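Participant: First the structure, which I've put down as structure tokens, then a few questions once you've had a look.
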Amino acid sequence: MRVGEDSWRALEMDLILSRISSRARSELGRGFVEGLRPCEDSRELERRRALFEDLLLLCDSVGDVPWSDVVSVRGLLEDAKVTGYLRGEEILAFRRTMELSQRVKSYLRENRSLVPRLWSVASRVKDFEAPLRELSVLDEHGSLYDWASPRLSELRRLERSLRDRIKAYLNSFVSDPEHSRMLQERSFLLRNGRFVVPVKGIYVNKFPGMLQEWSSSGATAYMEPTRVVSMNNELSKVLAEIGEEELKILRGLTQMLLGMEGELIYAEDFLSTVDGLYAVYRYSEAEGARLPALSSRSAFSLRRFRHPLLGERAVPIDVCCGEGFRILVITGPNTGGKTVALKSVGVAVTMAWCGLPLPASSDSSIGVFDEVFIDVGDEQSIQQNLSTFSSHVSKIIRMLERATSSSLVLLDELGAGTDPQEGAALGVAILEEFRRRGALVVATTHHELIKIYSLSQEGVESASVEFDLKTLSPTYRIAMGIPGRSNALDVALLLGMPRSVVEEARSRLGTSRRDLEEVVAELHAKREALERALQEAERRRAEAEEMAIRLRKEMAEAESKRLALLRRTEEEAFKVLREVQEQARAMLSSIQGHARAEADRAYQRGKEAMEVSLARLASLRGEGAGAKGLTPSPGDPVRVEGSGLRGRLLGVKKGVARVEVGGATLEVPLTSLVKEEPREEEPRGIGFRLPKPKEVPSSISVRGKTVEEALPEVMDYLDRAYRFGYPWVSIVHGRGEGILRREIHRMLKEVPYVASFELASPAEGGEGVTVVKFVRSGGSAA
23 MRVGEDSWRA
33 LEMDLILSRI
43 SSRARSELGR
53 GFVEGLRPCE
63 DSRELERRRA
73 LFEDLLLLCD
83 SVGDVPWSDV
93 VSVRGLLEDA
103 KVTGYLRGEE
113 ILAFRRTMEL
123 SQRVKSYLRE
133 NRSLVPRLWS
143 VASRVKDFEA
153 PLRELSVLDE
163 HGSLYDWASP
173 RLSELRRLER
183 SLRDRIKAYL
193 NSFVSDPEHS
203 RMLQERSFLL
213 RNGRFVVPVK
223 GIYVNKFPGM
233 LQEWSSSGAT
243 AYMEPTRVVS
253 MNNELSKVLA
263 EIGEEELKIL
273 RGLTQMLLGM
283 EGELIYAEDF
293 LSTVDGLYAV
303 YRYSEAEGAR
313 LPALSSRSAF
323 SLRRFRHPLL
333 GERAVPIDVC
343 CGEGFRILVI
353 TGPNTGGKTV
363 ALKSVGVAVT
373 MAWCGLPLPA
383 SSDSSIGVFD
393 EVFIDVGDEQ
403 SIQQNLSTFS
413 SHVSKIIRML
423 ERATSSSLVL
433 LDELGAGTDP
443 QEGAALGVAI
453 LEEFRRRGAL
463 VVATTHHELI
473 KIYSLSQEGV
483 ESASVEFDLK
493 TLSPTYRIAM
503 GIPGRSNALD
513 VALLLGMPRS
523 VVEEARSRLG
533 TSRRDLEEVV
543 AELHAKREAL
553 ERALQEAERR
563 RAEAEEMAIR
573 LRKEMAEAES
583 KRLALLRRTE
593 EEAFKVLREV
603 QEQARAMLSS
613 IQGHARAEAD
623 RAYQRGKEAM
633 EVSLARLASL
643 RGEGAGAKGL
653 TPSPGDPVRV
663 EGSGLRGRLL
673 GVKKGVARVE
683 VGGATLEVPL
693 TSLVKEEPRE
703 EEPRGIGFRL
713 PKPKEVPSSI
723 SVRGKTVEEA
733 LPEVMDYLDR
743 AYRFGYPWVS
753 IVHGRGEGIL
763 RREIHRMLKE
773 VPYVASFELA
783 SPAEGGEGVT
793 VVKFVRSGGS
803 AA
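Note that the numbering used here has the sequence shown beginning at 23, numbered continuously upward.
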């Protein structure tokens with residue numbers, strides 16, 4: 023999609039992008055956002071949106087992408103092509119770019135299954151391990167280490183030796199009474215790279231040495247003692263050789279970087295993309311912005327769209343065009359907010375085609391357009407010395423030359439700037455021409471003729487921007503399907519114009535004009551009444567929804583308590599089963615050493631205890647044959663629900679069933695039995711098997727779900743995970759606005775077997791993940 027420079031400026035897109043880019047962490051990210059332009063086609067738009075969706079998911083689920091300060095290296099590469107070398111601090115910029123690109127690439131590699139499309143971009147970043155080793159000869163300030171080359175190491179060692187010799191000699195020299203009396207002070211210093219001493223001006227001709235320079239006052243002469251002159255000369259020679267060696271090393275590093283120009287530019291572009299997308303992500307989080315749905319048609323539907331430059335003053339608007347009508351005419355008084363509405367449409371479409379999220383409701387949609395044209399404001403063409411009207415007409419002529427059935431045309435104050443009747447007639451003719459070409463048009467006007475045209479012509483819809491007569495200001499809300507009123511006479515009356523004057527003005531309006539105004543006024547009144555009714559219905563719906571949420575929460579809490587009680591009962595039953603099993607085995611192993619009667623009594627006591635627990639368990643669960651209506655018959659294979667015991671039903675008496683289990687006979691409530699399919703005959707003998715819990719994952723994700731959907735799912739998962747034996751589990755709820763996280767945390771406080779919970783570490787998901795620790799069976803935290 024194309025947006026011309028004039029249209030781009032009229033929509034103030036540079037200012038919008040600047041506000042978004044301010045959230046970037048580097049000049050690379052800021053440059054990426056400020057350089058965004060509408061995608062050429064739908065394929066490029068889908069790719070750009072996919073990258074943003076990946077980064078959004080990554081930041082919400084795992085955490086922010088690692089970052090450090092970097093600058094662009096493009097200009098440095100161009101400089102290096104001219105000079106042949108770069109200074110050490112300039113080369114550091116390349117090293118930082120390489121290091122950060124490796125860190126970000128590694129981070130995305132770890133999460134590539136989560137962000138496959140962003141990883142496809144990162145995977146093409148060069149591995150800079152070898153070049154980084156070469157650049158390690160620079161310290162953090164850009165200076166070369168001594169070991170950068172053997173020659174440099176030797177020269178710097180010689181330099182230090184010379185400096186030490188010179189300093190040792192000068193310390194002795196200034197302490198000598200014969201010399202110190204001629205000095206301003208007993209010290210030495212560096213002037214122009216040479217060691218000198220401060221000599222009193224009156225002793226210049228007597229001092230044994232060579233004059234370097236005078237102080238600004240002329241009272242002090244900086245002189246090199248005779249013996250120091252040769253040592254200074256030797257030091258200067260070594261320093262020159264060091265400079266040559268450093269330059270040689272820097273030239274080599276520069277040539278290496280120039281040979282990697284393509285890889286370095288790609289790495290910079292990659293970092294620009296990541297940081298630019300991060301700026302967009304932060305904007306979307308702060309403004310509640312989201313990507314609109316894409317439509318294959320040249321149409322748009324904006325729901326609760328807020329102009330990004332208006333901040334907190336923005337009033338959400340609803341406006342659409344393209345489905346059922348191709349031309350939308352917004353009417354109403356001057357300064358009534360029509361231009362803001364018109365610009366909002368252009369801004370929304372342009373932002374969407376730049377791949378940016380919109381500060382609008384998630385059910386907004388943007389279609390396919392080949393170009394956006396806009397004529398707005400009272401700009402005059404100074405170069406052509408044209409009037410306001412001529413300027414508008416010139417722009418519209420250019421639009422008519424280029425517009426297609428896939429173009430979006432935005433016309434502000436159509437027909438203004440000339441005779442009202444002629445301007446209105448021309449405005450209608452222009453709209454008709456665009457309608458015949460199939461272009462999508464949104465136009466604003468206050469002309470009655472154009473208003474009547476919008477009401478009578480098929481394929482044309484009218485709308486108005488609401489105006490508050492109490493405050494004499496626009497509300498900026500758009501009323502679709504209702505033309506606007508001029509309100510001029512009403513406003514004049516409210517401002518204090520004598521009623522007789524206003525009534526005289528009304529009487530001079532034509533009958534048709536008065537009739538139209540009355541119809542429009544009636545439509546507005548009916549719409550306001552309907553809105554009040556809708557608001558009341560919405561209030562009641564919200565109250566009902568709040569009550570439903572409260573009831574569901576109470577039900578979830580009750581279910582949690584029921585499950586906790588059930589779990590304790592099951593544990594009690596399993597404990598009894600184990601005791602019975604152990605007692606049975608003990609009886610079998612010692613049956614020959616004890617009286618049979620005593621063994622029978624011990625077995626009967628264990629059996630009765632088990633039957634009591636099973637009966638209690640069955641009554642709590644409310645399951646089994648009685649609950650399901652599948653009463654088994656004598657001889658059927660059955661299972662005692664909740665215990666893992668399986669056997670054959672022998673008979674039923676007064677609701678108590680006798681079941682043969684492994685050669686022993688048990689009496690249990692009929693309601694606790696579940697009829698099973700016939701099984702292969704198992705070995706006889708006394709043996710009990712505890713039920714094996716199903717596999718339960720160590721984490722659950724409810725990201726993107728509503729509170730009503732998520733809470734019961736989390737409650738059920740926690741119960742299964744606790745019974746499975748996990749000491750702790752993770753709940754992935756995402757970051758978003760934090761509503762789901764708060765509700766989950768509120769519910770966790772009420773769960774009896776939750777010992778504690780906390781947000782995960784940044785490496786494990788940060789604010790998007792909650793870690794839950796369970797109470798051990800003994801009552802302590804896991």
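Cβ coordinates follow ideal geometry from the N, Cα and C atoms, glycine included.
Nothing here was measured: the structure is a model prediction, and the numbers come from that model.
So, under 8 Å CB-CB, I349 and V482 are touching, yes? Tell me the CB distance rounded to an integer number of Å.
Facilitator: 4 Å
Participant: Residues in its own chain within less than 7 Å of S239 by CB, not counting five upstream and five downstream?
Facilitator: none
Participant: How about S123 and A289: are their beta carbons less than 7 Å apart?
Facilitator: yes
Participant: Specify, as a first and last residue, the run of the alpha helix (DSSP H) that K492 falls within.
Facilitator: Looking at the DSSP string, K492 is not in any alpha helix (DSSP H), and its letter there is neither H nor E.
Participant: According to DSSP, which residues form a beta bridge with E235?
Facilitator: Y244
Participant: On the three-state DSSP scale, how would you describe V431?
Facilitator: strand
Participant: Taking all protein chains shown into account, do 16 or more other C-beta atoms lie within 10 angstroms of the C-beta of D149, making it buried, or fewer, making it exposed?
Facilitator: exposed
Participant: Can you name the start and end residues of the alpha helix (DSSP H) that C343 belongs to?
Facilitator: Residue range 339-343 is occupied by the beta strand (DSSP E) that includes C343, with no alpha helix (DSSP H) assigned at that position.
Participant: How many Å lie between L422 and T372 at the Cα?
Facilitator: The alpha-carbon atoms of L422 and T372 are separated by roughly 20 Å.
Participant: Could you spell out the range, first to last residue, of the alpha helix (DSSP H) harbouring L78?
Facilitator: 64-83
Participant: What is the rounded straight-line gap between the Cα of G51 and the Cα of S94?
Facilitator: A straight line joining the alpha-carbon of G51 with that of S94 spans about 10 Å.
Participant: Grouping DSSP H, G and I as helix and E and B as strand, with all else coil, what is W750?
Facilitator: strand
Participant: Run through the segment 152-206 for me and flag every whole alpha helix (DSSP H) of 4 or more residues, listed as ranges in chain order.
Facilitator: 172-197, 199-202
Participant: Since I believe L511 is in contact with A501 (beta carbons under 8 Å), could you give me their beta-carbon distance rounded to a whole number of angstroms?
Facilitator: Going by Cβ atoms, the distance from A501 to L511 rounds to 20 Å, so no, they are not a contact pair.
Participant: So, helix, strand or coil for G281, using DSSP?
Facilitator: Note: G281 maps to coil in three-state DSSP.
Participant: For V159 versus G787, is the C-beta distance shorter than 7 Å?
Facilitator: no
Participant: According to DSSP, which residues form a beta bridge with A315?
Facilitator: S387
Participant: For S869, which of helix, strand or coil comes out of DSSP?
Facilitator: The shown model of the chain, from 23 to 804, leaves out residue 869, and the question about it has no answer.
Participant: Nearest to P659 by alpha carbon, out of L695, G677, L740, A115?
Facilitator: L695
Participant: Among E780, F796, E334, which residue has its Cα nearest to the Cα of V773?
Facilitator: F796
Participant: Does the Cβ-Cβ distance between D168 and R178 come in under 7 Å?
Facilitator: Yes, they are a contact pair.
Participant: For I259, which of helix, strand or coil comes out of DSSP?
Facilitator: Residue identity differs from the one stated: residue 259 is Lys in this sequence, not Ile. In the structure shown, K259 sits in a helix (DSSP, three-state: H, G or I).
Participant: Run the CB neighbour count on P88, radius 10 Å, all protein chains shown included, and call it buried at 16 or more, exposed below.
Facilitator: exposed
Participant: How long is the line joining the alpha carbons of S495 and F489, rounded to whole angstroms?
Facilitator: 6 Å
Participant: Does E334 come within less than 7 Å of chain D when only Cβ atoms are used?
Facilitator: Absence of chain D from the displayed structure is noted, only one protein chain being present.
Participant: For V351, which of helix, strand or coil comes out of DSSP?
Facilitator: strand
Participant: Given a threshold of 16 other Cβ atoms within 10 Å of its Cβ, counted over all protein chains shown, does H163 qualify as buried or as exposed?
Facilitator: exposed
Participant: For T295, which residues of its own chain have a beta-carbon under 8 Å away from its beta-carbon, when the five flanking residues on both sides are left out?
Facilitator: F54, L73, V143
Participant: Can you look up F327 in the DSSP assignment and give me helix, strand or coil?
Facilitator: In the three-state reduction of the DSSP assignment, F327 falls in the strand class, which pools E and B.
Participant: How many Å lie between A485 and A743 at the Cα?
Facilitator: Here the alpha carbon of A485 sits roughly 56 Å from the alpha carbon of A743.
Participant: I need the straight-line Cα distance from K189 to R213, nearest angstrom please.
Facilitator: 14 Å
Participant: Which residue marks the beginning of the alpha helix (DSSP H) containing E454, and which one marks its end?
Facilitator: 442-459
Participant: Cutting at 7 Å between CB atoms, please list the residues of its own chain near L130, excluding the five before and the five after it.
Facilitator: For L130, where only same-chain residues beyond five positions count, the Cβ hits under 7 Å are V137, L140, W141, A144.
Participant: Sorted by chain position, which residues of the same chain lie with C-beta nearer than 7 Å to E285's C-beta, five sequence neighbours on each side aside?
Facilitator: So the qualifying residues of the chain are K148.
Participant: Go ahead and pull the three-state DSSP assignment for S723.
Facilitator: strand
Participant: Taking a contact to mean a Cβ-Cβ separation below 7 Å, would you say V751 touches V794 in this structure?
Facilitator: yes
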